[in-house]
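J.:
Number of protein chains: 4
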Amino acid sequence: MSTRPTFADITDQFAAQEIELPSWAFGNSGTRFKVFGTPGTPRDPFEKIADAAKVHELTGLAPQVALHIPWDLCDFDELTAHAAGLGVRLGTVNSNTFQDDDYKFGALTHEDERIRTKAIDAHLECIDVMDRTGSRDLKIWLAEGSNYPGQADMRGRQDRLHDSLSKIYDRLGEGQRMVLEYKFFEPSFYHTDVPDWGTSYTQVAALGDKALVCLDTGHHAPGTNIEFIVMQLLRLGKLGSFDFNSRFYADDDLMVGAADPFQLFRIIHEVIRGGGLNSPDIAFMLDQCHNVENKIEGQIRSVLNVQEMTARALLIDTEALTKAQRAGDVITANDIFMDAFYTDVRGDLAEWRVSRGLPADPIRAFRESGYQEQIAADRVGGTQAGWGA
Amino acid sequence: MSTRPTFADITDQFAAQEIELPSWAFGNSGTRFKVFGTPGTPRDPFEKIADAAKVHELTGLAPQVALHIPWDLCDFDELTAHAAGLGVRLGTVNSNTFQDDDYKFGALTHEDERIRTKAIDAHLECIDVMDRTGSRDLKIWLAEGSNYPGQADMRGRQDRLHDSLSKIYDRLGEGQRMVLEYKFFEPSFYHTDVPDWGTSYTQVAALGDKALVCLDTGHHAPGTNIEFIVMQLLRLGKLGSFDFNSRFYADDDLMVGAADPFQLFRIIHEVIRGGGLNSPDIAFMLDQCHNVENKIEGQIRSVLNVQEMTARALLIDTEALTKAQRAGDVITANDIFMDAFYTDVRGDLAEWRVSRGLPADPIRAFRESGYQEQIAADRVGGTQAGWGA
Amino acid sequence: MSTRPTFADITDQFAAQEIELPSWAFGNSGTRFKVFGTPGTPRDPFEKIADAAKVHELTGLAPQVALHIPWDLCDFDELTAHAAGLGVRLGTVNSNTFQDDDYKFGALTHEDERIRTKAIDAHLECIDVMDRTGSRDLKIWLAEGSNYPGQADMRGRQDRLHDSLSKIYDRLGEGQRMVLEYKFFEPSFYHTDVPDWGTSYTQVAALGDKALVCLDTGHHAPGTNIEFIVMQLLRLGKLGSFDFNSRFYADDDLMVGAADPFQLFRIIHEVIRGGGLNSPDIAFMLDQCHNVENKIEGQIRSVLNVQEMTARALLIDTEALTKAQRAGDVITANDIFMDAFYTDVRGDLAEWRVSRGLPADPIRAFRESGYQEQIAADRVGGTQAGWGA
Amino acid sequence: MSTRPTFADITDQFAAQEIELPSWAFGNSGTRFKVFGTPGTPRDPFEKIADAAKVHELTGLAPQVALHIPWDLCDFDELTAHAAGLGVRLGTVNSNTFQDDDYKFGALTHEDERIRTKAIDAHLECIDVMDRTGSRDLKIWLAEGSNYPGQADMRGRQDRLHDSLSKIYDRLGEGQRMVLEYKFFEPSFYHTDVPDWGTSYTQVAALGDKALVCLDTGHHAPGTNIEFIVMQLLRLGKLGSFDFNSRFYADDDLMVGAADPFQLFRIIHEVIRGGGLNSPDIAFMLDQCHNVENKIEGQIRSVLNVQEMTARALLIDTEALTKAQRAGDVITANDIFMDAFYTDVRGDLAEWRVSRGLPADPIRAFRESGYQEQIAADRVGGTQAGWGA
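Given below as structure tokens:
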């Protein structure tokens, strides 16, 4: 008698799934060589939220939208109401201390106290925004580092980073948290101040319970076993959020699941194994660039990819797997694992979607909705949103 | 009796060395996150040439400047005269078929004949420029590829690439050449149409003697033994030019020799071994970004790094090395090799520089010249040159 | 009206598929740290062939077995008859010039003519074996290179390699071929004499039509787009054979499809695109190590993985894909591609298998057959086969 | 007035340097493809110690020798006396829980309590050895992990690892310590139980002050900034020891400084920056394989490489560097850093060596000593030491 879960067994679990969208995914993005614009690209945070709400409307998966400050600076009471009106909420607030000339050689780590203070203040303002929007998480990605050996005192920067983060941490209110993202390289090409999970972990562990690690799936050295890190951070109680995307080379920021769907499956398996699925303590966000594909469709495809891999991972016959693992039966253990991955859940998911009043095929529904044509016609004039690089 | 060359023995060889500077190195550059501007950045090709000429004036190493079209479009008769007046020549012409909206999904490889023809024509215009400037080489870097599996028909693109290159090849005049650069990834993140030396080689071999490979030292997969490729291309008679720079991670475009000076030494050793040093058939160019350092100083440091590693590589005791290699004496062979690398040639080079009427320390001389202050004061208003991304 | 193929449409194509097994996969293997032995491991080529035949009996996929000389030296008339009696044939002959003390510093590339001649002779003896076994292909993997900069004259070695290969090539008989494998690194850790497809290609292109490239899927730098190389070699008419396996890090030699099934799907898509599927000119071999899993099951799983991914790749709706590619519709093109990958063909394949008199689940059938228990009981005493390292 | 240190200024610092040799470096080693034997290779721990003592006699740098249990099992009172008689001491004790059939699927992490206990006991026996030899450090390298997704419960293994390490930790005596090594991959090819510094750090931090991290310079993902990790571990007070070696690809175990001398320089700079140079709390060990070069010469070259790079790193003009860093003067900071690296200290070191009664050129002295010929003649018969793989 099989102990393998059926689709019905797992419905409740993926039904509860929520994936947070990044407002900037709807703006233009590209490489240092070229940013291609596209008709209909939002010109302000309100239009970004509208696009995000469309993704949620068609998938039921994405009720929350992350903001990036200062890119999304506006009247946050209005924005909050606008979002609510469209059926979504404002979520994680992302700080930016890498686009001011003062930050050329660092922000929270800078040698100059004036600049450090400026960078700290920028974060405090983000917390002000959180107070207004009701956001829980302040996400900090530090684009800091150096390009040449000798350019920077890595040790001193690490100490200053701790001091700066402490000041920001102290400002966090009730129910607010800080998540610290790490990244292997870029925009710095010799050293990065928070290059790996170990650094992020030791920095946040030194602060307290409200500081956690943010794991961006594209921010690792080649060959890194990312699901191992997911396991470890869950074990240590320090996984605060995901930035999902996928990559073949560097921080490619492709649609999550596009480059290596099996890796996404393995990551979600460890999330489930560690009790992280649908945990209120972990934010599942996207952080992607849609350089060449339609941005709204790219977001829809991405949340569906996460949902599909979650469903597959939930189908693992855990009891049989454990038995095979204990027996040292490598082939059977791997077969059980792969069986779940290879099971095509798309038909079941489409049916389930329909049962919830959602379109069976959200991308087709988007195309048939005329939304893209509408925004292309409406959003004429003004400056398309982008990264401001 | 040692067979190791002395500094005097090698003087003639490095005295003949010429390194070509890229005009774009003097403009602003950065990452997709931010481009930092700096006082004194050139606003047009004439100012770029002036900065490049300063590098040559202080080092005697850089009599030629590569152009990038359309970034450097101007009156080329004037520019040629301007360069000559400053003691330098115009060199390799670099084409750009990656910044027009039409090229979003390819240029020379595009499915649409109209766009392919447009891209071919852009290259023909580059050859027109070469006719005006007297440049020998057309350098083609193809920023083409795809971001997602299934997005593109890689095979068809390869065939179309051959057709497009053939049409450009046919337009080459007497004494003109085409060099085809390869790159592992970026700006495309799934496939790149010319990703490795094998592809560049097979494409140019199918064209004829006037088509050669350009090796950019930053364009390889992690761990690639670049000096092996240098050896192989020299052996095959197909090494047309170098784009020198250095990297720790991806195409970081750091100053050549900065990340791994020993690698630069090994590359130049293979250039010497293969008869490529000071060969009229090989262009030794820089292709770098000075995102955070002074750009003119960055170029000076780079050409000096190439010169220093050339001098060290020339000091290898080839006779003793060969003997140790034949004897299978690994320790001695490696010791002989390292002995040359570890020999500090800087003092000798400074003396030699003085003997040629050049400053002993070109970077100090640049700082003392007041040139930077002068251009910062003069170059006010207008738009600083950059990549136009 | 969909243009997507049905399972019935593609049956003939995968029905013709043949995958060659390596005799050495049935012997013990491991790492430099430890080789674990297992009950039932073959002690001679005859027992290896018996195990391979079992794989074919249960899957119908593996009618041919590759040999490794000298590991499989024996009376080849007897071995040929033994194989035929078990329903399989002897296939590719693999040479070994890396386990004799003379080859410490090279074999076909060695500075010493005596050793080069010895290595050439070892290959001529392999061709003698081919004459006896009726094998078509001589597969050459060169474990040659150096560990330290300066240790070896890479250029001279490349020239000597050409000379040695020429002598071997000249001995090839009617209908015989040579395939030259490349490998990024290991057992040498600084330079490898045939490290990439470009080197293998240029070496075999210099020999003639009977020399081709062997692509081992585990022998590339991190991040390499392997399907691109498959495409390119097919385009150049120089893909002679595959060594299938999978990897997360280096030359891990895991079961093909285990590390990244989507990559295997993409590779087979390019095989189909390039006309290579079921081509008589391309040998589809496995080259794997089963360090911790049951070896016969490991081989069964591997050939099934290739078959499953072939079936999925054949399901791509090529017509619709081409249309989406031409339209620059990235999302649709990727969706069509992924749709085939995500389609679960396992049930259809099981039915088809049964229709051909094969077990629906070959691994279960193997377990129920009692074969493993039988060989564990029978193969007592003697020396278990391994790599003799 | 320059603030750059002179050679005289730094003499005391490098004079105090001690580098620990691994006993196994004198035995045979190789790859999974072949282990080449050489005349004179030790047959037992006593001969290994004799070879190690020769390295110390000629360099004055290596007064301590690390042992590997069970490879070096013998009468430790005799061995201690033997070492003392030759002027060296016994040092770090390395455990081995990867070569017993029981450990095929893990040792300290194994699902089966019996096997875990056996592995724990093996470590307790190592501490018994330490009690006899007076060694301070127990070094634990865990060759544990899995080859296939699904094969192992990574999370459970991490918990069991903690339990096992705790039991070993509790047995540590006064003045004894445990250092836990991490490694990116090999011999496992999907997951490794201690794959990165973060995991080693969090495991040892959970134990107490006597548990520290061991950093092997060859055990990182491609591109990893190792000096950053050195900095971080020193900052966290958890750097217990180094395993020095170098690599181009994976865990190549080449002579330290051979692959990238500039990287070694940067690592030692961070050691100095963090107060780790000549710290009694940090063991500076080699962990290398001399597959193709003379083993004793390989060890001499390695300790000299560390000494030379230490001397260069000590020559950095820290005051000027700090000033340039604070000023954001990238070119000057990098120049100051490189100036020390490029300074040829070999002549000064040779003179200093002579002043201490050591040979100017230890490798030449070794060759002239006749030691190698002597051991080749003497060590006939018996079994050459190796890894027993």
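Chains as they are written, first to last, in numbering that gives the first Met the number 0: chain D, 0 to 388; chain P, 0 to 388; chain R, 0 to 388; chain B, 0 to 388. All C-beta atoms in this analysis are idealised placements derived from N, C-alpha and C, irrespective of residue type, glycine included.
Going by C-alpha to C-alpha distance, which of R:248, R:197, R:166 sits closest to residue 206 of chain R?
T.: Among R:248, R:197, R:166, the Cα nearest to that of residue 206 of chain R belongs to R:166.
J.: Please give the ranges of any beta strand (DSSP E) in the segment 134-169 of chain D, keeping only runs that are unbroken, at least 3 residues long and fully inside the region.
T.: Those beta strand (DSSP E) runs which fall completely within the segment 134-169 of chain D and span 3+ residues are 136-140.
J.: Hey, quick one: how far does the beta strand (DSSP E) through residue 67 of chain D stretch, first residue to last?
T.: Per DSSP, residue 67 of chain D belongs to the beta strand (DSSP E) from 63-67.
J.: Could you tell me which residues DSSP pairs with residue 246 of chain R in its beta bridges?
T.: Answer by DSSP bridge pairing: none, since residue 246 of chain R is not bridged.
J.: Report buried or exposed for residue 344 of chain B, applying the criterion of at least 16 other Cβ atoms within 10 angstroms of its Cβ.
T.: Buried, by the Cβ-count rule.
J.: Using the three-state DSSP reduction, which class does residue 239 of chain P fall into: helix, strand or coil?
T.: Residue 239 of chain P: strand per DSSP, three-state reduction.
J.: In the DSSP assignment, find the unbroken alpha helix (DSSP H) run with residue 21 of chain P in it and report its ends.
T.: It is not in any alpha helix (DSSP H) - residue 21 of chain P instead sits in the beta strand (DSSP E) that spans 19-21.
J.: Which bits of chain P does residue 196 of chain R rub up against, with CB to CB less than 7 angstroms?
T.: The answer, in chain order, is 197.
J.: Within 10 Å of its beta-carbon, does residue 115 of chain R have 16 or more other beta-carbons around it, so buried, or fewer, so exposed?
T.: Counting Cβ neighbours within 10 Å, residue 115 of chain R comes out buried, since at least 16 surround it.
J.: First and last residue of the alpha helix (DSSP H) that includes residue 50 of chain B?
T.: Residues 44-58.
J.: Can you tell me whether residue 132 of chain R is helix, strand or coil according to DSSP?
T.: Helix, per DSSP.
J.: Report the rounded CA-to-CA distance for residue 17 of chain D versus residue 277 of chain D, giving the unit in angstroms.
T.: The alpha-carbon atoms of residue 17 of chain D and residue 277 of chain D are separated by roughly 7 angstroms.
J.: Identify every residue that forms a DSSP beta bridge with residue 180 of chain D.
T.: Per DSSP, D:140, D:213.
J.: Starting from residue 108 of chain B, trace the beta strand (DSSP E) both ways and give me its first and last residue.
T.: Careful: residue 108 of chain B lies outside any beta strand (DSSP E) and carries neither H nor E.
J.: Where residue 44 of chain P and residue 309 of chain D are concerned, what is the direct C-alpha to C-alpha distance, given to the nearest angstrom?
T.: Those two C-alpha atoms are separated by around 55 angstroms.
J.: Taking only three categories from DSSP, how would you classify residue 188 of chain B?
T.: Correct three-state label for residue 188 of chain B: coil.
J.: List, in order along the chain, the chain R residues whose C-beta lies closer than 9 angstroms to that of residue 359 of chain D?
T.: Here the premise fails: no neighbours, minimum Cβ distance about 14 angstroms.
J.: Using a beta-carbon distance below 7 angstroms, is residue 284 of chain R in contact with chain P?
T.: By this cut-off, residue 284 of chain R is not an interface position.
J.: Suppose only complete runs of 3+ residues qualify. What are the beta strand (DSSP E) ranges in the segment 337-371 of chain P, listed by chain order?
T.: DSSP runs (the beta strand (DSSP E)) wholly in the segment 337-371 of chain P: none.
J.: How would you write the range of the alpha helix (DSSP H) that residue 85 of chain R sits in, first residue to last?
T.: Residue 85 of chain R -> no alpha helix (DSSP H), and no H or E assigned at all.
J.: If you run the structure through DSSP and keep just helix, strand and coil, what is residue 304 of chain B?
T.: In this structure, residue 304 of chain B counts as helix in the three-state DSSP scheme.
J.: Find the residues of chain D that neighbour residue 329 of chain R, judging by a C-beta separation of less than 8 angstroms, and give them in chain order.
T.: Chain D residues near residue 329 of chain R: 291, 292, 293.
J.: Output, in chain order, the set of chain P residues within a Cβ distance shorter than 7 angstroms of residue 106 of chain R.
T.: Neighbours of residue 106 of chain R on chain P: none; closest Cβ ~13 angstroms, over 7 angstroms.
J.: Please state whether DSSP places residue 171 of chain D in a helix, a strand or coil.
T.: In this structure, residue 171 of chain D counts as coil in the three-state DSSP scheme.
J.: List, in chain order, every chain P residue whose beta-carbon is nearer than 8 angstroms to that of residue 243 of chain B.
T.: Neighbours of residue 243 of chain B on chain P: none; closest Cβ ~17 angstroms, over 8 angstroms.
J.: Kindly give me the distance between the Cβ atoms of residue 275 of chain B and residue 238 of chain B, rounded to whole angstroms, as I take these residues to be in contact under 8 angstroms.
T.: The Cβ separation is near 6 angstroms, so the contact holds.
J.: Of all the CB atoms in chain D, is at least one closer than 7 angstroms to the CB of residue 113 of chain B?
T.: No - not a single Cβ of chain D is within 7 angstroms of the one on residue 113 of chain B.
J.: Which partner residues does residue 254 of chain D have in the DSSP bridge list?
T.: DSSP, once it has assigned bridges, lists no residue as partnering residue 254 of chain D.
J.: Rounded C-beta distance between residue 178 of chain P and residue 152 of chain P? I'm assuming under 8 angstroms.
T.: At roughly 26 angstroms, the Cβ-Cβ gap does not stay under 8 angstroms, so residue 178 of chain P and residue 152 of chain P are not in contact.
J.: Considering only DSSP beta bridges, list what residue 29 of chain D is partnered with.
T.: According to DSSP, residue 29 of chain D bridges with D:34.
J.: Would you say residue 320 of chain B faces chain R, with C-beta separation under 7 angstroms as the test?
T.: It does not: the Cβ of residue 320 of chain B has no partner Cβ on chain R nearer than 7 angstroms.
J.: I want to verify the contact list: residues of chain R whose CB lies under 7 angstroms from the CB of residue 171 of chain P, in sequence order.
T.: Simply none; closest approach about 24 angstroms.
J.: At a CB distance below 7 angstroms, what residues from the segment 18-41 of chain B approach chain R? Give them in sequence order.
T.: Listed in sequence order: 29, 30, 31, 32, 33, 34, 35.
J.: Following the continuous alpha helix (DSSP H) through residue 261 of chain D, name the residue where it begins and the one where it ends.
T.: Element bounds for residue 261 of chain D: 260-272.
J.: Would you call the CB atoms of residue 361 of chain R and residue 58 of chain R closer than 7 angstroms?
T.: Yes. Within cutoff.
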